[in-house]
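**Student:** Going by my numbering, the first residue of the sequence shown is number 1, and it counts up by one from there. We put the CB at the ideal spot given by N, CA and C, even for glycine.
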Amino acid sequence: MRRRIACTLALAGLALAATPAASAAETWQQTSRQTYYLTDALQRSQGIATDGTTWYFSWKLGLSRVTLDGRTVLANNPLAIPAQLSAQGANHIGDIDYYNGKIYAPIEDGSDYRHPYIALYDATTLTYTGTAYALPLSVQPDGAPWVAVDAARGYVYSSAYNPTPALNVYSLADLHLVKTVPLSTAIGSVQGAKIYQGDLYASSNNDAKSIYRIDPDTGQVTDVFDRASSLPSGSETEGLAFLPTSDGAQMHALDAVSGRLATYLYNYRQTTS
């Protein structure tokens, strides 16, 4: 759960004025849902990523690696935030990503949001590699809610949380800020994002619980579908990931209910393109 400082009136006005672009000709249909309870719910309540053979989950303070059926925990790091970042107030891990044997984890110091980082972990053991990159406050003014690796372009993406006027594009090599890509429509409350078929898909914790598709090159935003009507009351949208699974799904979206008594993993199949 992300605690947010109040936006300025100008930023709030921008968010309220924004109207998402019209939906493109693609449809996603729910195929199944997994439910996690108690400790599993807590430890799978923020982000999700995959290496193609296992799931990786994040929660406020830690990381876990789990079999694709969700039943077996293969590795667990319940206190994953490095001590040197904790000393700066770091207390929250957002939506993570996997690339080349490493977990990329966005870490922030809510509720001050003065020290956003992306930290790297060994994907097998989930131990901290000793490498963490500070992100510029000029483009990450309210933390680091998510990270997505785009290996094909050689970039890593993140954004401001709310409103979200642009993609922040970092070098995959050393995480320096390469550029910002203004979005065609300012969105907000983005909790997770991943690259899929060359585009960036983002999950929002707005009232509609929207899934957006974003062209990373142009910033064109498409409101793909809204999920609020199909979620339990009090759900908070978290991270998302892409992986073909046996039920025909490709997209997997994580949602936590109030109090973290249960976490749901919704699986969606793309029916048209």
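For Asp215, I'd like the list of residues in its chain whose CB is within less than 7 Å of its CB, leaving aside the five on either flank, ordered along the chain.
**Tutor:** Counted from its first residue, the sequence shown places residue 215 at position 215. So the qualifying residues of the chain are Asp199.
**Student:** Taking 8 Å as the threshold (C-beta atoms), are Asp95 and Glu238 in contact?
**Tutor:** In the sequence shown, residue 238 corresponds to position 238, counting from 1. In the sequence shown, residue 95 corresponds to position 95, counting from 1. Their beta carbons are under 8 Å apart, which means Glu238 touches Asp95 by this criterion.
**Student:** Report the rounded CA-to-CA distance for Leu177 versus Ala105, giving the unit in angstroms.
**Tutor:** Locating residue 177 in the sequence shown gives position 177, counting from the first residue. Locating residue 105 in the sequence shown gives position 105, counting from the first residue. For the pair Leu177 and Ala105, the Cα-to-Cα distance works out to about 17 Å.
**Student:** What would DSSP say about Thr39, mapped onto helix, strand or coil?
**Tutor:** Along the sequence shown, one-based indexing puts residue 39 at 39. Residue state, collapsed to three classes: helix.
**Student:** Can you give the Cα-Cα distance for Asp226 and Tyr161, rounded to whole angstroms?
**Tutor:** For the purposes of this step, residue 226 is taken as residue 226 along the sequence shown, with counting starting at 1. For the purposes of this step, residue 161 is taken as residue 161 along the sequence shown, with counting starting at 1. The straight-line gap from Cα to Cα measures roughly 19 Å.
**Student:** Taking Arg44 as the reference, which of Gln270, Ala262, Asn267 has the closest Cα?
**Tutor:** Numbered from its first residue, the sequence shown carries residue 44 at position 44. Among Gln270, Ala262, Asn267, the Cα nearest to that of Arg44 is on Ala262.
**Student:** Pop quiz: Ser254 and Leu265 are said to be a contact at Cβ under 8 Å. What is the actual Cβ separation, rounded to whole angstroms?
**Tutor:** Walking along the sequence shown from the start, residue 254 turns up at place 254. Walking along the sequence shown from the start, residue 265 turns up at place 265. The question names Ser, but residue 254 in the sequence shown is Leu. Right, their Cβ atoms sit about 6 Å apart.
**Student:** Measure the beta-carbon distance from Thr31 to Asp247 and round it to whole angstroms, keeping in mind my assumption that it falls under 8 Å.
**Tutor:** In the sequence shown, the residue the question calls residue 31 occupies position 31. In the sequence shown, the residue the question calls residue 247 occupies position 247. Sure, about 4 Å apart at Cβ, within 8 Å.
**Student:** With DSSP as the reference, please indicate the residues paired to Ala262 in a beta bridge.
**Tutor:** In the sequence shown, residue 262 corresponds to position 262, counting from 1. Answer is Tyr37, bridged to Ala262.
**Student:** Please tell me whether Arg260 and Ala41 are closer than 8 Å, where the distance is taken between their beta carbons.
**Tutor:** Numbered from its first residue, the sequence shown carries residue 260 at position 260. Numbered from its first residue, the sequence shown carries residue 41 at position 41. Yes. Within cutoff.
**Student:** Arg114 by DSSP, collapsed to three states: which one?
**Tutor:** By 1-based counting over the sequence shown, the position of residue 114 is 114. Correct three-state label for Arg114: coil.
**Student:** Would Val169 and Tyr99 be called neighbours here (beta carbons separated by less than 8 Å)?
**Tutor:** Working through the sequence shown from its first residue, we reach residue 169 at position 169. Working through the sequence shown from its first residue, we reach residue 99 at position 99. No. Outside cutoff.
**Student:** Please report the Cβ distance between Gln191 and Pro145, rounded to the nearest whole angstrom; I am assuming they are in contact, meaning their Cβ atoms lie under 8 Å.
**Tutor:** Translated into positions along the sequence shown, residue 191 becomes position 191. Translated into positions along the sequence shown, residue 145 becomes position 145. The C-beta distance from Gln191 to Pro145 rounds to 6 Å, short enough to fall under 8 Å.
**Student:** By a C-beta neighbour count over all protein chains shown, 10 Å radius and 16 as the cutoff for buried, is Gln46 buried or exposed?
**Tutor:** As a working note, residue 46 is residue 46 in the sequence shown. Gln46 comes out buried.
**Student:** Report the three-state DSSP secondary structure of Val156 (helix, strand or coil).
**Tutor:** For the purposes of this step, residue 156 is identified with residue 156 of the sequence shown, where counting begins at 1. Reduced to three states, the DSSP call for Val156 is strand.
**Student:** Name the two residues that bound the continuous beta strand (DSSP E) containing Leu240.
**Tutor:** To locate residue 240, count along the sequence shown from 1; it is residue 240. Residues 236 to 242.
**Student:** List the endpoints of the continuous beta strand (DSSP E) containing Ser45.
**Tutor:** Start at 1 with the first residue of the sequence shown, and residue 45 comes out as number 45. Premise fails: Ser45 is in no beta strand (DSSP E) and is neither H nor E.
**Student:** Which class does Ala228 belong to by DSSP, given the choice of helix, strand or coil?
**Tutor:** As a first step, residue 228 must be located in the sequence shown, where it is residue number 228. Ala228: helix per DSSP, three-state reduction.
**Student:** Who are the near neighbours of Ala173 in its chain, counting only those whose CB is closer than 8 Å to its CB and skipping five residues on each side?
**Tutor:** For the purposes of this step, residue 173 is taken as residue 173 along the sequence shown, with counting starting at 1. If we look at Ala173 and ignore the five residues flanking it on each side, its Cβ neighbours are Gly154.
**Student:** Based on the DSSP output, what are the partners of Asn91 in its beta bridges?
**Tutor:** Within the sequence shown, the letter at position 91 stands for residue 91. Beta-bridge pairing links Asn91 to no other residue.
**Student:** Starting from the C-beta of Ser138, find all residues in its chain whose C-beta is less than 7 Å away, skip the five residues before and the five after it, and write them out in chain order.
**Tutor:** Against the sequence shown, residue 138 aligns to sequence position 138. Result list for Ser138: empty, nothing under 7 Å.
**Student:** Could you give the DSSP three-state label for Ala123: helix, strand or coil?
**Tutor:** By one-based count along the sequence shown, residue 123 stands at place 123. Of the three classes helix, strand and coil, the one that applies to Ala123 here is coil, per DSSP.
**Student:** Measuring CB to CB, does Gly62 end up less than 8 Å from Asn77?
**Tutor:** Here residue 62 corresponds to residue number 62 of the sequence shown, with the count starting at 1. Here residue 77 corresponds to residue number 77 of the sequence shown, with the count starting at 1. In contact: Gly62 and Asn77 (Cβ atoms closer than 8 Å).
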